[in-house]
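A short worksheet on the structure shown next.
In the numbering used here, the protein residues as written are 1 to 248.
Structure (structure tokens):
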């Protein structure tokens, strides 16, 4: 009977000890979270209602460009330029405005080679553009306590600077033709969505999808493509890539 009582007492004591330890650990976790929240609140109070914190980063993308439109005054608009996979590289910087808003400036370069020209033989060249954009990115962590996974979406507008290498080919009668860019600046838009994975409190890695679109810009052509010697096209591309950003 004495052994049984001792065993019961030991079990009860162990359970009480385990419960106390678990309660202590939970209390420590809550205290740590409360301390971090208090520090963040104090920092925000010191900086104002919407603290502006700078950040910067870089990105690299694969660029998939759908068949490009080509407009000639005597021929109307048609899908004419077929593209190879290309690339896009960009650097960016900005400030966070509160917990969910970023004000961001992007500058980069996008390039796609010409794979083929519809209805003609051959076809080679490059369609590319440098760009500068300003916009807003909205983000919110999936896990508010740890803030390790942060989805985001945003839109930017600005200027693109087409860089059109001479596009050449041969029309069915055997005559060669060429197309060159003739406009230096055009309006452009960049929409984006993705997720940032927090590596350290200051460094994050992002997986991102972007859609890049310019307005139409002018081209010069030989008269066997456009009787006026003028035409226009645009740049449209789907971007898939990886980036890194650092918060100062």
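Built from N, CA and C at the ideal position, the CB exists for glycine as well.
Please read these numbers as outputs of a predicted model, since none were measured by experiment.
On the criterion of 16 or more Cβ atoms from any shown chain inside 10 Å, does residue i qualify as buried, or is it exposed?
| i | result |
| --- | --- |
| residue 110 | buried |
| residue 77 | exposed |
| residue 241 | buried |
| residue 117 | buried |
| residue 75 | exposed |
| residue 106 | buried |
| residue 149 | exposed |
| residue 226 | buried |
| residue 210 | buried |
Determine, using beta carbons only, whether residue i and residue j come nearer to each other than 8 Å.
| i | j | result |
| --- | --- | --- |
| residue 177 | residue 221 | yes |
| residue 157 | residue 135 | yes |
| residue 58 | residue 100 | no |
| residue 69 | residue 233 | yes |
| residue 237 | residue 64 | yes |
| residue 328 | residue 219 | Because the chain here runs from 1 to 248, residue 328 falls outside it and cannot be looked at. |
| residue 170 | residue 122 | yes |
| residue 231 | residue 72 | yes |
| residue 194 | residue 244 | no |
| residue 124 | residue 114 | yes |
| residue 92 | residue 56 | yes |
| residue 133 | residue 188 | yes |
Name the DSSP beta bridge partners of residue i, please?
| i | result |
| --- | --- |
| residue 190 | 156, 212 |
| residue 104 | 94, 135 |
| residue 81 | 68, 117 |
| residue 52 | 97 |
| residue 230 | 220 |
Rounded to whole angstroms, what is the Cα-Cα separation between residue i and residue j?
| i | j | result |
| --- | --- | --- |
| residue 159 | residue 81 | 23 Å |
| residue 87 | residue 127 | 11 Å |
| residue 103 | residue 217 | 28 Å |
| residue 224 | residue 248 | 56 Å |
| residue 94 | residue 53 | 8 Å |
| residue 246 | residue 108 | 18 Å |
| residue 207 | residue 172 | 45 Å |
| residue 147 | residue 60 | 24 Å |
| residue 98 | residue 84 | 41 Å |
| residue 235 | residue 119 | 20 Å |
| residue 228 | residue 239 | 34 Å |
message: Please give the ranges of any beta strand (DSSP E) in the region 106-140, keeping only runs that are unbroken, at least 3 residues long and fully inside the region.
response: 121-124, 126-139
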